[in-house]
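These notes are about the structure you will find just below.
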Amino acid sequence: MERSIHICHLYPDLLNLYGDRGNVLCLRRRLEWRGIGASVTEMPVGAADRLAEADLIFIGGGQDFEQQALLEDLHRGKDASLRAAVADGVAILAICGGYQMLGQYYETHDGVRCDFVGAIDLRTVGGKERMIGNYLFRCGDESGGMEVVGFENHSGRTWLGEGVKPLGRVLSGYGNNGQDGTEGVRYHNVFGTYSHGPLLPKNPALCDEILKTALERKYGKAELAPLDDSAEQNAFREIAARLRNA
Amino acid sequence: MSLKTAAAIALCKGLHLTARLLHRGGTAMPGRWALKLDPALPGELARGLDILLITGTNGKTTTARICETACVDAGLDALANRSGANLLSGITTELAMNSTLGGRVNKKCAVIECDEAAARTAIGLLQPKVVLVTNLFRDQLDRYGEVTHTLENIREGLKKAPGAVLALNADDSLVSSLALDLPNRVVWYGMDRAAADPATPPPALSDALRCIRCKAAYEYDYLSYGHLGGFRCPNCGYRRHAADVAVAAPPLLGPDGSQIELSVRGERVEAAVNLPAVYNIYNAVGAIAAVTAFGVGLEHALTAVGSFRCGFGRMERFELGAAGARVMLVKNPAGCDQVLQFLSGLDGSFELALLLNDRTADGTDVSWIWDADFERLSALGERLTRVTVSGDRAWDLFLRLKYAGLDVSRIRVERDYAALTAQLAASEVPVFIMPTYTALLEFRPQLLKACGGEEFWEG
Chain A
1 MERSIHICHL YPDLLNLYGD RGNVLCLRRR LEWRGIGASV TEMPVGAADR LAEADLIFIG
61 GGQDFEQQAL LEDLHRGKDA SLRAAVADGV AILAICGGYQ MLGQYYETHD GVRCDFVGAI
121 DLRTVGGKER MIGNYLFRCG DESGGMEVVG FENHSGRTWL GEGVKPLGRV LSGYGNNGQD
181 GTEGVRYHNV FGTYSHGPLL PKNPALCDEI LKTALERKYG KAELAPLDDS AEQNAFREIA
241 ARLRNA
Chain B
247 MSLKTAAAIA LCKGLHLTAR LLHRGGTAMP GRWALKLDPA LPGELARGLD ILLITGTNGK
307 TTTARICETA CVDAGLDALA NRSGANLLSG ITTELAMNST LGGRVNKKCA VIECDEAAAR
367 TAIGLLQPKV VLVTNLFRDQ LDRYGEVTHT LENIREGLKK APGAVLALNA DDSLVSSLAL
427 DLPNRVVWYG MDRAAADPAT PPPALSDALR CIRCKAAYEY DYLSYGHLGG FRCPNCGYRR
487 HAADVAVAAP PLLGPDGSQI ELSVRGERVE AAVNLPAVYN IYNAVGAIAA VTAFGVGLEH
547 ALTAVGSFRC GFGRMERFEL GAAGARVMLV KNPAGCDQVL QFLSGLDGSF ELALLLNDRT
607 ADGTDVSWIW DADFERLSAL GERLTRVTVS GDRAWDLFLR LKYAGLDVSR IRVERDYAAL
667 TAQLAASEVP VFIMPTYTAL LEFRPQLLKA CGGEEFWEG
C-alpha cells in the first residue's frame with residue numbers, strides 16, 4: 001500500500017520566525033526520500049479550518065507584534081480543533097510561540113494574562129531577560145532518548161503542570177524556564193520545544209521519531225528505511241561538541 | 247570645550263595610533279574608550295559639521311559610498327566612517343581622527359553610516375542635516391530582536407532631531423511609517439509601478455504582512471522585492487507615499503551594473519548604476535534622494551551613481567581565476583535572497599563559495615539561512631559548476647543546500663581559507679563568494695594576497 005502523510009502548517013504567515021519553514025521542508029524531504037507520499041497544506045490566518053485532515057501539524061514561533069491577529073483567528077474555532085487533534089493523538093511539532101500557544105495561558109511579567117488553546121496543562125510567564133543561545137538536551141525515552149541541539153531565544157518561562165512530561169532534560173542552555181532543567185513537552189503525540197528555527201535538519205533522529213509517530217497512528221506500525229545522515233551528523237556533532245566543551 | 251572632552255580626543259588618537267602600529271585596524275576600540283571618558287564627545291565633535299546619516303537593515307555601506315562620492319564630486323570635502331565600524335564607538339573614532347586636539351573637525355561635512363540599533367542615541371547626539379533610512383528586514387534576531395523594535399529605535403533617535411530632513415524608502419511600509427508621527431520634512435524615494443516586474447511573486451516570507459497602524463493585512467498594487475512595493479492598507483488607508491525620486495521604467499539589469507530611468511522631482515533623467523542587482527538600484531535612488539536634500543547638485547549625484555567604488559565585500563571584484571571573482575557580503579535572508587536572485591539572472595556558468603560564521607558580529611543564530619531562497623540554486627542545474635561551503639557553520643550550509651534539492655555530490659566542504667582561495671583561483675568560470683561579516687574579515691585578506699592587494703585600513 002502506498003503510504004502518505006498529510007502535513008498541516010498552521011499560521012505560516014505569522015508563525016515563521018527565523019527558519020521555521022526548514023522544519024516542514026525536512027519532514028517532507030525525509031518522507032519523500034523514503035518513497036512515502038508527503039503533502040503540505042498551509043493554513044494562514046483566516047483560512048478555512050482543515051486541521052481534522054492532518055496526520056501531522058506543524059506550528060512555528062512568531063513575533064509579538066502579530067500575536068493579536070493570530071489569537072482572534074484561533075479563538076474562532078481552531079483552538080477547539082487543536083484540542084481535538086491533541087486528544088486524538090495527531091502528531092504535532094510546536095515550536096517556541098506555537099508551543100506556548102498549546103498551553104493554558106501566557107502572562108506578561110507585569111501580570112496581563114492572555115488565554116491560549118489549553119490543550120496541554122502548561123503555562124508561560126514572561127520574564128525580563130531573554131534566554132538566548134545554542135543549547136543541548138536529551139529527549140525522554142518515550143520520545144526516542146536522543147540528544148538534540150537547537151537554538152533558543154525566548155523571554156517566556158514555561159512551567160509544566162503536574163504529571164506532564166517534558167520533551168527532554170537540558171544538558172546545556174536554559175530550556176523551559178532556566179530553572180527546573182526541563183525542555184519542551186511530550187504530551188500524547190505533541191512534541192513541544194523552545195528550539196526555534198530549523199530544529200529538525202540537524203536532528204534527523206528526532207525528525208524520524210515524529211514521522212514514525214504520525215505513520216504509526218495512521219498505519220498501525222511504521223518501519224523507516226535508514227538514510228545517509230552523515231552531513232546531518234557532522235552538523236550536530238560540531239555544535240554538540242562546542243556546547244559540551246563550554 | 248571641557249578638559250574631559252580634550253582628554254577623550256587625545257585618548258582616542260593615542261589608541262588609534264597604537265592600534266595601527268600593531269596592525270590591529272583599530273576602528274571601534276579607541277572610540278569606545280573615549281566614550282567612556284566623555285559620553286558627549288560625538289556631539290561636541292559634530293558641532294559645525296553638516297552630517298548625512300545613513301541607517302537601515304541593508305545597503306548602508308554601498309549607499310554611503312555613493313553619497314560620499316557625490317559630495318567629493320561636488321567639491322565638498324567629506325569625512326566618512328569608511329571601514330564599516332558603524333556603532334557609536336566607530337563613528338566617534340572617525341570624528342576624533344579628523345579633529346584637532348581642541349575638538350575642531352577639519353572637514354565641512356560627513357557621511358556617516360550608522361547601525362540601526364545605535365541610531366537611537368547617535369541621531370540625537372550628531373544632529374544630522376539629512377537622515378536616510380534604507381529598509382527594514384528581519385536581521386540578527388538574537389541581537390536586534392523583532393524588526394518592529396529596530397523601527398522603534400530609529401523612531402526614538404529621530405524624535406531628537408526634528409530639524410533633520412528624512413530620505414525614506416517609500417516602498418517599505420515599516421520605514422515609511424516613520425513619517426506618520428514625526429514633524430520632519432521627508433524626501434521619498436522608491437520604484438514606481440511602471441518600473442516593477444509584474445511577474446514578481448509575493449515573498450515566501452514577509453516581514454511586514456500587516457499594517458503597522460491597524461494590523462489589517464496589506465494589499466499590494468505591485469511588488470519589488472521582499473515586502474517592498476506598492477502597499478496599501480484596506481482598513482485604515484495607510485499607503486505608499488508617491489516618490490519624489492523614483493525609478494520610472496523597468497531597469498536594464500546587467501552582470502556588472504544597471505541602466506535606469508529616473509523621475510527626480512518631475513524631471514526625467516537616465517543613469518548608470520555602477521554595481522549590478524536590483525538592491526543596488528535602491529541604494530542608488532536612496533543616495534540620490536539623500537544627497538540632493540543635503541545640497542549636492544543632481545548632476546554630481548548621477549555621476550557618483552555611475553562611478554562610485556564600494557569595495558569591502560559589496561559586490562567587490564577581485565582579479566582571481568580565469569574570469570574574476572565577486573564577493574557579496576550576506577547577513578540576513580532579505581539580502582541573501584537579493585544576491586541569489588542576481589545569481590539566478592546571470593547567463594553562463596559560475597562557481598560559488600558560501601562562508602557562514604556565527605560569531606557576535608554575524609549573529610549567533612544561523613537559522614536565517616533557512617529563510618533565504620537557496621532553492622533558486624537547485625534550479626540552475628549544470629550552470630552552477632560547483633558549490634563550496636566554508637566557515638564555522640559550513641555543515642549547516644551543507645544541510646541547507648541538501649534540503650534545497652542540490653546534488654550533494656557537487657557540494658564541497660573546505661574549511662581552510664588558503665586552500666579555498668587556491669581552489670577558486672583555479673576556476674575557469676566566474677567565481678562568486680558569499681561570506682557573512684566575520685568570514686569576510688578573515689577571508690578577504692587571503693583574496694587580497696592572491697591578487698596582490700592591501701588591507702583596508704592601510705588604503
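Chains as they are written, first to last, in my numbering: chain A, 1 to 246; chain B, 247 to 705. By construction, the Cβ of each residue, glycine as well, lies at the ideal position given by its N, Cα and C atoms. As the structure is a computational prediction, the values presented were derived from the model and not from experiment.
- The alpha helix (DSSP H) runs lying completely inside the segment 568-635 of chain B and spanning 4 residues or more are 579-590, 621-624, given in chain order.
- At a cut-off of 8 angstroms between C-beta atoms, Asp13 of chain A counts as an interface residue with respect to chain B.
- Taken in chain order, the members of the segment 648-678 of chain B whose beta-carbon sits within less than 9 angstroms of a beta-carbon on chain A are Lys648, Tyr649, Ala650, Gly651, Val654, Ile657, Val659.
- Ranked by how close their Cα comes to the Cα of Thr41 of chain A, the residues A:His188, A:Asn189, A:Leu25 have A:Leu25 in first place.
- Annotation: Cβ neighbours of Leu455 of chain B in chain A (cutoff 8 angstroms, chain order): Asp13, Leu14, Glu66.
- DSSP places Ala547 of chain B in the helix class (H, G or I) of the three-state scheme.
- Taking 8 angstroms as the cut-off, the Cβ atoms of Gln505 of chain B and Ala518 of chain B count as close.
- When the five nearest sequence neighbours on each side are left out, the beta carbons in the same chain lying within less than 6 angstroms of the beta carbon of Glu147 of chain A are those of Arg138, in order along the chain.
- Look at Leu378 of chain B: its C-beta is not under 8 angstroms from any C-beta on chain A.
- Look at the beta carbons and you see the segment 369-389 of chain B touching the segment 605-615 of chain B: at least three pairs across the two are nearer than 8 angstroms.
- Within the segment 326-403 of chain B, the complete alpha helix (DSSP H) runs of at least 4 residues fall at 334-343, 365-372, 387-390.
- Annotated three-state conformation of Ile120 of chain A is coil, per DSSP.
- Ranked by Cα distance from Ser4 of chain A, the options A:Gly145, A:Ala205, A:Arg28 are led by A:Arg28.
- By the CB criterion at 8 angstroms, Leu404 of chain B and Leu424 of chain B fall inside the cutoff.
- Within chain A, no C-beta atom comes nearer than 8 angstroms to that of Leu382 of chain B; the closest sits roughly 12 angstroms away.
- Under the three-state reduction of DSSP, Phe191 of chain A is assigned to strand.
- For the segment 231-245 of chain A, the set of positions with a beta-carbon nearer than 8 angstroms to some beta-carbon of chain B reads Ala231, Glu232, Asn234, Ala235, Glu238 in chain order.
- Any Cβ of chain A closer than 8 angstroms to the Cβ of Phe477 of chain B would place that residue at the interface, and such an atom is absent.
- Ala310 of chain B sits away from Lys353 of chain B, with the two beta carbons spaced by 8 angstroms or more.
- Excluding five sequence positions before and after Glu232 of chain A, the CB atoms of its chain that fall closer than 7 angstroms to its own CB belong to Pro201, Lys202, Pro204, given in chain order.
- Annotated as proximal: Ala240 of chain A and Val149 of chain A, with beta-carbon spacing under 8 angstroms.
- Arg34 of chain A and Ala225 of chain A do touch by the CB rule: their CB atoms are close to 5 angstroms apart, below 8 angstroms.
- Partner residues in the beta bridge of Leu474 of chain B, as assigned by DSSP, are B:Tyr471.
- Legend: CB atoms of the segment 620-636 of chain B lying less than 7 angstroms from CB atoms of chain A are not found in any residue.
- Taking the Cβ atoms as the reference, Ala253 of chain B lies roughly 6 angstroms from Leu283 of chain B, within the contact range of under 8 angstroms.
- Nearest C-alpha to Ile312 of chain B among B:Gly475, B:Ser613, B:Thr538: B:Thr538.
- Rounded to the nearest angstrom, the gap between the Cα atoms of Thr396 of chain B and Lys221 of chain A is 49 angstroms.
- Under the DSSP definition of a beta bridge, Arg113 of chain A partners with A:Glu107.
- Neighbours of Thr610 of chain B in chain A, taken as residues whose beta carbon is under 9 angstroms from its own, are Ile132, Gly133, Asn134, Phe151 in chain order.
- Along the segment 585-614 of chain B, going in chain order, the ones with a CB nearer than 9 angstroms to a CB of chain A are Asp604, Thr610, Asp611, Val612, Ser613, Trp614.
- The Cβ neighbour count for Asp20 of chain A, taken over all protein chains shown within 10 Å, is at least 16; the residue is labelled buried.
- The shortest CA-to-CA distance from Ala664 of chain B to any of B:Lys695, B:Ala650, B:Ala413, B:Thr307 is the one to B:Lys695.
- No Cβ of chain A is located within less than 8 angstroms of the beta carbon of Leu575 of chain B.
- For the set B:Tyr649, B:Pro288, B:Lys250, the Cα lying nearest the Cα of Asp228 of chain A is the one of B:Tyr649.
- In this chain, the beta strand (DSSP E) harbouring Val411 of chain B covers 411-415.
- Going by DSSP, Leu298 of chain B is part of the beta strand (DSSP E) stretching over 296-301.
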